[in-house]
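Working notes, beginning with the structure itself.
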Amino acid sequence: MHYLQFVIDGLLLGGVYAAVGIGFALVWGIMNVVNLAHGALIMLGAYVTFWLYRLAGVDPLLSIPISMAVLFVLGWLIQRVLINQVIRAPLLVTFLMTFGLELMIVDLALNFFSADNRSVQSFYSGARWEFAGITIPQVHLYTLLIALALAAAMQLFLTRTTIGNAIQATSMDLDAARLVGIRIGRVYALTFALGAAAAGAAGSLISLNYAISPGAGEFYTPIAFVVCVLGGLGTINGALIGGLVFGVVQSLSQAFIGPAYQNAIAFGLLVLVLLLRPSGILGKAT
Amino acid sequence: MRTFLGLAGFTLLLAACGGAATPAASSPPASSPAASPSAAGSAAAKPAASAAASAPASAKPAAGASAPAAGNFDGTLLIGAPVSLTGDNNNEGKLTQQGYDLWAEVSNSKGGVNVGGKHYQIQLKYYDDQSKQDQSALITEKLISQDHVQFLLSPYATAPTFAASAISEKAKMLMVDSNGAANSIFDRGFKYVFGVLSPGTKYLTGVEDAWLAQDPKPTKLAMVAANDAFSLEVAKAAHDYATQKSLQVVYDQSYPPDTKDLSSSLNQIKAAGADVLLGSGHLTDSLLLMKQVKSLGVSFKGIGLSVGPSTPEFSNALGKDAQGIFSGVQWVPEQKSTGPVLGSAQDYTQAFQKKYNALPEYHSADGAAAGLALQLAIEKAGTLDMDKVRDTLAALSVDAFFGHIQFDSRGLNVDKPMVEIQLQGADNKQVPVWPDTAATGKILWPLPA
Amino acid sequence: MKAPGISRIVLGLVILALIALPLRSSGYIVHLLTLLFTFAIMAQAWNFIGGFTGYTDFGAVVFFGLGGYATGLLMLKTKLPFGLAWVAGALICLVFATLMGLLLLRLRGHYFGIATLGTSFGVREVIANWPSLTGGGTGISLPIYHFPNSVFYYIMLALLALIIAFTWRMSRERLGFGLRAIREDEQGAQVLGVNVLQYKVTAYALSGLFIGLVGGAYAYWITFIDPGTVFDVGITVEIIIMAVLGGAGSVAGPLVGAAILTFISEILNAYVPNAHLTVLGAIIVLVVLFIPHGVIEYLGLKRRLSFRAIGATLAETRV
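Protein chains in written order, with the numbering used here: chain D, 1006 to 1291; chain U, 749 to 1197; chain P, 56 to 374.
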């Protein structure tokens, strides 16, 4: 058997996990907000793609910018109207608020979209590349590539643009940032909106790989948690690495021990990493 | 301290009021607002829906008086059921509820339940169990002690049915199980639980029979199963049966129910040279499995799934990739069964299409069959006395639109065979292909590569 | 307090009412309150480590499941009667919590949270994949009890009274002050001579013990448990929400939060079954906006629900 195949399977799987983690890492790292509604936002992004596909025949990959835009606006509104009111309260307060939001979003989706499982297809849906005995499904590869592109774009934005730098500055020292004239409210709104946009992209990618339903996003919130911490809390690259590692571990466990144990091993690894290197794979040692 | 006491007192007051309010409102009971306005059970569809909508304005929940149906009834028969309107099982929960509602509507239109000459109108009371077993238990308790239902129908799925039936058994109230197929529900020695559906052990063995009768015969079987009570039971039965029939099992593994990836398993299955595949899980993982079978290019002579192919979403999601898939179903619209109240399978299908504008599949048929079995037992017993109805139900042997309904000593309908279907044609029509008594089409074999 | 004598009388009356309740109320109310107590105890237990100590535990449900499985398996495999199995199960949870605490409480803040979350998932997976010991994904069916349901009501009521009394005592003694000191400034507390690790592990072990007790009783009550249900991360989220809603770090905040959440959910389920989660979510969001520090603190501060008061609250927490 090709061990390489299993590693590649893992990386491809990890692409989804990384996409899920990126938005979460941004919001958690910069704003110290644990967004329990992250999964719900992912689900909405998936539905944007689905409805565009169903009603207008838009190819799922092409719909990603649209779902990102829609979620960006939604994220901005949510932050400005709701989350911003309690941003300086203890972490658990925003936790509580995003919990309430999650309940609302999922239930509304259930009422408007119905519980049916939906799926999107594309001309490349079943296609694959094969070489040297390795099989790579195209859809998975595109997912991974887009996740990588998303991470790179976010990272560039944060480090190379003025606004991005402002965001980073705010996370490092709120008062100092305010002193130099950074509009904190705007920064936070932008950050959350970007996080939501990333969630939207992740959702679109997920709709391409799996069937979706209003409850489909719930699974991904704990995954986002785990992936972010594994890779190094609060950093985009950390989420990327964390996602890929998690995927590879699951895939290798599936291959060598059996699909039943993939989660046990992956989570066991997570705890181990935390004990040995709490700041995560990429994080700086505290 | 004082504030705390105040709150404690307030909450107790609330509890007391909540307790007092509902019994008053439950006579005459209105059928509870269902998942969609169109699915209101009794003939009093519109008044019940608007009564529910105005409920917040009045102090009592669901207190609308039910408009009497066209015929004259001598009383009402209140039957309760937890249903999964939200949560993981909301799809199947809704389908089950549709079956219950359809049975009630058809039965009421024919005079309701005849108890020793008196005609009772069926009223159904539902609460959402959110697909959670502790909610199911709570709701069952509520239906029994608060709403004073006279009989119970089950929630959807094994775990909620487990929990709900424990409550109903303690209260010595009959519960007819429509959709909890695990044998283990019935291995507890309960007296008041009966299941109309074929047990889980039969879901895939028919598929294996169908395959082994084909030419070229399959030689190597691969199996994957979700790690939950029902799926594991189905898989174990299929595995044992394969071994019994000398079909070699080259791969048999279980996966976490929420898995997002089966590619390693499929790659191993490919390497092991399996020529047939059985999957025992639920809709989302069935879809995942099929998608990955295609994207990894693994080919089989035949593929069978315990759950999935019988739902329209399966076809919608997979398109032509769903063609040729086998599945075991509890019931098909084409089968040649007929019986009282709901008539034949075709009659049921027509009634369903008229009410819900969609083709029925087996989850709703299970629901209707459960209601029907209850009705027939009550009518045959000629009384509403719980133990007499229970004994009559235990001894019941009747043919219905659903097939034959009869229970073994545990309460399971063990002799009812599953019908095996295969999705055929461009529109993925569910064609019954096995056993011969139910088959309307020939098996397509093998699957095109 | 202005009139401690009256408070005590009222408290006594409330307790009497609760004890007498099963005799006068329907099975539904008894069942609902038993469920409420179950969650209230867990929220109170979470409060030890999450509220008082400030270490957000995201894996609390692991003790619920362990308690349930330990009790159930002991009853099934060694034929122990419930009482013994229950206590043994709780002790197993205590040991496990102590070991986990020693290992994980070295981590701070978010990391501790994730580590506990990961552990709860990991334990769930181990149990789900060890069929010979635990029945695997199929779950286990406990022996059916032959006494009235109200027995469980009293068990949970007694546990609830116990944990509240304990919390009240603790908050006035060294442990309580030590934990709060750790929450406010761990290094400072350490410098002042507080044995930080010992206190933290104690808090965590206590939470594990109580949650394990609840889990064991719950399993016997519900008669059937499987890994997905009793290790559900949603339960952890629910008890955290209850604790925070009522007031994390207060003596009875979690109970208040549990009561509010449970009753509102039930009422909504009865009136608006199609949209009860939407309304519940909206209520939670509104409550957070207006009473971000929890109900208990809000009542304690005696702030009125005027626009100006709300504005003042928001001004403290918005940016």
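Just so you know, even glycine gets a beta-carbon here, dropped at the ideal spot from N, CA and C. Quick caveat: nothing in here was measured; it's all calculated off a predicted structure.
Beta-carbon separation (whole angstroms), residue i vs residue j, contact threshold 8 Å
| i | j | result |
| --- | --- | --- |
| A977(U) | G192(P) | 7 Å |
| S879(U) | T824(U) | Not confirmed; about 29 Å, so no contact. |
| S1176(D) | I1035(D) | 4 Å |
| N1161(U) | V944(U) | 5 Å |
| S1112(U) | G860(U) | So it is not a contact: roughly 20 Å between Cβ atoms. |
| A1206(D) | A1024(D) | 6 Å |
| A1051(D) | I1246(D) | Actually they do not touch by this definition, with Cβ atoms about 24 Å apart. |
| F934(U) | R1158(U) | 4 Å |
| Y940(U) | M921(U) | 6 Å |
| V256(P) | G138(P) | Contact flag wrong, Cβ pair sits at about 28 Å. |
Beta-carbon proximity check, residue i vs residue j, cutoff 9 Å
| i | j | result |
| --- | --- | --- |
| A905(U) | T949(U) | no |
| V1032(D) | L1049(D) | no |
| V334(P) | L300(P) | no |
| S1012(U) | Q1259(D) | yes |
| P830(U) | D882(U) | no |
| D822(U) | H896(U) | no |
| I827(U) | Q894(U) | no |
| A100(P) | I218(P) | yes |
| I277(P) | L1275(D) | no |
| A1171(D) | A1030(D) | no |
| E1061(U) | D1121(D) | yes |
Under 8 Å from the C-beta of residue i: neighbouring residues of chain P
| i | result |
| --- | --- |
| A745(U) | Residue 745(U) is absent from the structure shown; chain U starts at 749 and stops at 1197. |
| Y875(U) | N324, A325, P328 |
| K858(U) | Result: empty, since nearest Cβ-Cβ is about 29 Å, beyond 8 Å. |
Own chain, CB closer than 8 Å to residue i, minus 5 neighbours either side, in chain order
| i | result |
| --- | --- |
| T967(U) | L995, Q996, D1023 |
| A274(P) | G122, G123, Y124, T126, G127, L197, I280, V285 |
| L1179(D) | I1189 |
| W1182(U) | G954, V955, D957, A958, V1167, E1168, I1191 |
| A244(P) | G233, A236, I237, V251 |
| V1021(D) | T1148, A1152, A1207, L1210, I1211, N1214, G1248, G1252 |
Within chain U, partners of residue i - CB distance below 7 Å
| i | result |
| --- | --- |
| F1224(D) | D1006 |
| I294(P) | Per Cβ cutoff of 7 Å: no residues; I294(P) is ~14 Å from chain U at best. |
| G1263(D) | Q1001 |
Own chain partners of residue i with C-beta closer than 6 Å, once the 5 adjacent residues on each side are dropped
| i | result |
| --- | --- |
| F103(P) | A258, L261, S262 |
| Y1225(D) | V1025, G1044, I1047 |
| Y110(P) | I104, F167 |
| A793(U) | Residue confidence for A793(U) is low, a pLDDT of 32 falling below 50, so the modelled location carries little weight; the figure read from the coordinates is stated next. Result list for A793(U): empty, nothing under 6 Å. |
Contact set for residue i: own chain, Cβ-Cβ below 7 Å, skip 5 residues either direction
| i | result |
| --- | --- |
| F318(P) | none |
| Q1143(D) | Y1129, A1132, R1133, W1134 |
| V1055(U) | G1029, H1030, L1031, S1034 |
Interface residues of chain D facing residue i [CB-CB closer than 7 Å]
| i | result |
| --- | --- |
| S1011(U) | D1014 |
| E1061(U) | D1121, N1122 |
Within chain D, partners of residue i - CB distance below 9 Å
| i | result |
| --- | --- |
| Q1178(U) | Going along chain D, no residue has its Cβ under 9 Å from Q1178(U), so there is no contact; the nearest lies around 17 Å. |
Amino acids of chain U, ordered along the chain, whose beta-carbon sits closer than 9 Å to that of residue i
| i | result |
| --- | --- |
| F1011(D) | S1011, S1012, N1015 |
| L1256(D) | One detail in the question is off: residue 1256(D) reads as Ser in this sequence, not Leu. Going along chain U in sequence order, the residues near S1256(D) (Cβ under 9 Å) are D1009, S1011, S1012. |
Neighbour list for residue i in chain P, Cβ cutoff strictly below 7 Å
| i | result |
| --- | --- |
| T949(U) | Residues of chain P passing the Cβ test: none, with the nearest at roughly 13 Å. |
| A890(U) | Reading off the sequence shown, one finds Lys at residue 890(U), where the question assumed Ala. Neighbours of K890(U) on chain P, chain order: Y83. |
| P1227(D) | L172, V288 |
Chain D contact residues for residue i, given Cβ-Cβ distances below 8 Å
| i | result |
| --- | --- |
| G835(U) | G1220 |
| V181(P) | A1269 |
| H86(P) | Correct list: empty, because the minimum Cβ distance to chain D is about 23 Å. |
Whether or not the segment 989-998 of chain U and the segment 1035-1050 of chain U are in contact is what I'm after, with contact meaning three or more pairs of Cβ atoms, one per stretch, closer than 8 Å; do they touch?
Counting C-beta pairs with one atom in each stretch, the segment 1035-1050 of chain U and the segment 989-998 of chain U have fewer than three that are closer than 8 Å, which means they do not touch.
Quick check: the segment 260-271 of chain P against the segment 167-183 of chain P, are there 3 or more CB pairs under 8 Å?
No, the segment 260-271 of chain P does not touch the segment 167-183 of chain P.
So does the segment 1062-1071 of chain U actually touch the segment 1167-1174 of chain U, counting three or more Cβ pairs closer than 8 Å?
In the pairwise beta carbon analysis, the segment 1062-1071 of chain U is classified as touching the segment 1167-1174 of chain U: at least three pairs are separated by under 8 Å.
Pairing CB atoms from the segment 1155-1174 of chain U with CB atoms from the segment 1072-1079 of chain U, are three or more of them under 8 Å?
Yes, the segment 1155-1174 of chain U is in contact with the segment 1072-1079 of chain U.
Does the segment 133-153 of chain P come within contact of the segment 1267-1275 of chain D, defined as at least 3 CB pairs closer than 8 Å?
Touching, no.
Okay, do the segment 1251-1258 of chain D and the segment 159-171 of chain P touch, 3+ Cβ pairs below 8 Å being the bar?
Judged by Cβ distances under 8 Å, the segment 1251-1258 of chain D makes no contact with the segment 159-171 of chain P, as fewer than three pairs qualify.
Would you check if there are 3 or more beta carbon pairs closer than 8 Å linking the segment 1090-1109 of chain D to the segment 340-347 of chain P?
With the cut-off at 8 Å, the segment 1090-1109 of chain D and the segment 340-347 of chain P touch.
Quick one: any contact between the segment 1055-1067 of chain D and the segment 1106-1114 of chain D, if contact means 3 or more CB pairs under 8 Å?
Short answer: they don't touch.
Touching or not, the segment 1143-1157 of chain U and the segment 1101-1121 of chain U, by the rule of three or more beta carbon pairs under 8 Å?
Contact between the segment 1143-1157 of chain U and the segment 1101-1121 of chain U is present: 3 or more CB-CB pairs across the two stretches fall below 8 Å.
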